[in-house]
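>
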Amino acid sequence: MSLLTENVIPGIHGKVFGTNAMKENELIEIKTRLLKLEGINDIVLNIEIFPREFTIYTNKIVSIKDIENAVKSVGFHAIPK
Numbered sequence: 004m005s006l007l008t009e010n011v012i013p014g015i016h017g018k019v020f021g022t023n024a025m026k027e028n029e030l031i032e033i034k035t036r037l038l039k040l041e042g043i044n045d046i047v048l049n050i051e052i053f054p055r056e057f058t059i060y061t062n063k064i065v066s067i068k069d070i071e072n073a074v075k076s077v078g079f080h081a082i083p084k
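Okay, here's the thing in structure tokens:
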């Protein structure tokens, strides 16, 4: 694998993840949990499409595995796109 496929790198584009969370309150719970991870600046939720998506913006390199594990701890899945 490579740096780009295993990590979210800082930048203006962010990294998009799909999730199996459906309700807005579930997505907010995921956002709250992810914002506790070091290096994550902002998360933009997209509740208009199916499957739901969120975009993560960072200020340093953050492992995708850390993001996936944080979302799993809330009871959902995060799949990088």
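Each residue of the sequence shown is one higher than the one before, starting from 4 at the first, in the numbering used here. For every residue, glycine included, the Cβ atom is placed at its ideal position computed from N, Cα and C.
Just how far apart, CA to CA, sit Ile-15 and Ile-59?
A straight-line Cα-Cα distance of about 10 angstroms links Ile-15 and Ile-59.
> For the region 21-54, list the alpha helix (DSSP H) runs that are entirely contained and at least 4 residues long, ordered along the chain.
27-37
> Skipping 5 residues on each side, what residues in its chain have a beta carbon closer than 8 angstroms to that of Ala-36?
Contrary to the premise, residue 36 reads as Arg rather than Ala in this sequence. The answer, listed in chain order, is Ala-73, Val-74, Ser-76, Val-77.
> Would you say Ile-43 and Val-65 are within 8 angstroms of each other, going by their C-beta atoms?
yes
> Quick check: Lys-63 and Ile-46, are their CB atoms within less than 8 angstroms of each other?
Contact: no.
> Using the three-state DSSP reduction, which class does Glu-59 fall into: helix, strand or coil?
A small correction: the amino acid at residue 59 is Ile; Glu does not occupy that position in the sequence shown. Residue state, collapsed to three classes: strand.
> Under DSSP, the alpha helix (DSSP H) around Ile-70 begins and ends at which residues?
67-77
> Relative to the C-alpha of Pro-69, which residue among Gly-21, Lys-26, Asn-23, Leu-40 is closest?
In the sequence on display, residue 69 carries Asp and not Pro. Checking every option, the nearest Cα to that of Asp-69 belongs to Leu-40.
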